Structures are given as C-alpha cells and as structure tokens.
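Residue numbers (my numbering): 17 to 157.
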C-alpha cells in the first residue's frame, strides 16, 4: 500500500545534528511500508522449502522543484552528498493533516539509492530522491 503524503511537506535531513544536511519544502512525498519475502531452501537444494517474511522497510520518494540561482546551487551540492557511500540519515517529514493537526513522520536508517534531476519540455525541473528507511515513527499533534 503506497501512501501519498501530499504537497508542501517540510523535509529535514540529519546526519549528526538536526538539519545539518539541509531542510526544504518538498512538493510531493510518497512512502510505503514493505516487508520483503525471502525464499528459504535446503542446503544444496534449489527447491523452496518455506517463504519467510524478511526485513521490514519503508520506501518512497521526495520530489522538490529545482530553483534558479543560489538556492539551485545548494540543491545540486546537496544531491551528490546524499548518494555517496549509502550513508544512513534521519529524515523528518512534517505536514498539516488538514484538520489543524500537524503530522510528523521520522524515518531512521534512511539511505538514498537514487537521486535524479528531471527536466521535461515546457515544465519546471524537479529533483526526485528515492529513499529506503529501516524504521519509521508517526506522531500527530
């Protein structure tokens, strides 16, 4: 089940201190909880003996509009840093739940395996970062 979080989500990326890898407004965020299913077979056999639930992860995308000028330069400098060596980050997503409540999702153990810059004809350019996180916590205030 994929969850479309919505538009105008505050995103804060942390390596060691709150927001040290940047904070921005994402135009679109999606994420989905997943459980990988692993096939277990006997030693030396290719026959599946049992299907086992594996690691539970959270996957999704962060999409932000590319900006011109100094802001765009900061975006491009931040993008390769998120990909180098698959280092783990903490990502905090905060948005308005629509009824005056603030929803916060904190993703820990987050890696960014793919970051792309899309530029379609006659449309604004976007930066899309796919992510995978080990755990997530949700709070509604």
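Backbone N, C-alpha and C define an ideal beta-carbon position, used for all residues, glycine too.
Predicted model only: the values in this text are computed from it and were never measured.
Host beta strand (DSSP E) of residue 81 (start-end): Residues 64-81.
Selected residue, minimal CA-CA separation from residue 11, among 69, 49, 156: Summary: the structure shown does not reach residue 11, with the chain confined to residues 17 through 157, and so no result is reported for it.
Close Cβ partners of residue 66 (< 7 Å) along its chain, the five nearest in sequence each way excluded: Only 56 meet the Cβ criterion.
Proximity below 9 Å, CB of residue 154 to CB of residue 127: no
Exposure label - residue 76; buried when at least 16 CB within 10 Å: Classification of residue 76: buried, given that the 10 Å Cβ count is 16 or more.
Buried versus exposed call for residue 58 [16 or more other C-beta atoms within 10 Å across all chains shown]: exposed
Outcome for residue 92 when other beta-carbon atoms lying within 10 angstroms are tallied against a minimum of 16: exposed
Inter-residue spacing [alpha-carbon to alpha-carbon] between residue 140 and residue 134: 9 Å
Residues near residue 38 by beta carbon distance below 6 Å, same chain, minus five either side: 29, 94
Reference residue 106, options 114, 122, 112, closest by Cα: Per the Cα distances, 122.
Short Cβ contact (9 Å threshold) for residue 69 with residue 84: no
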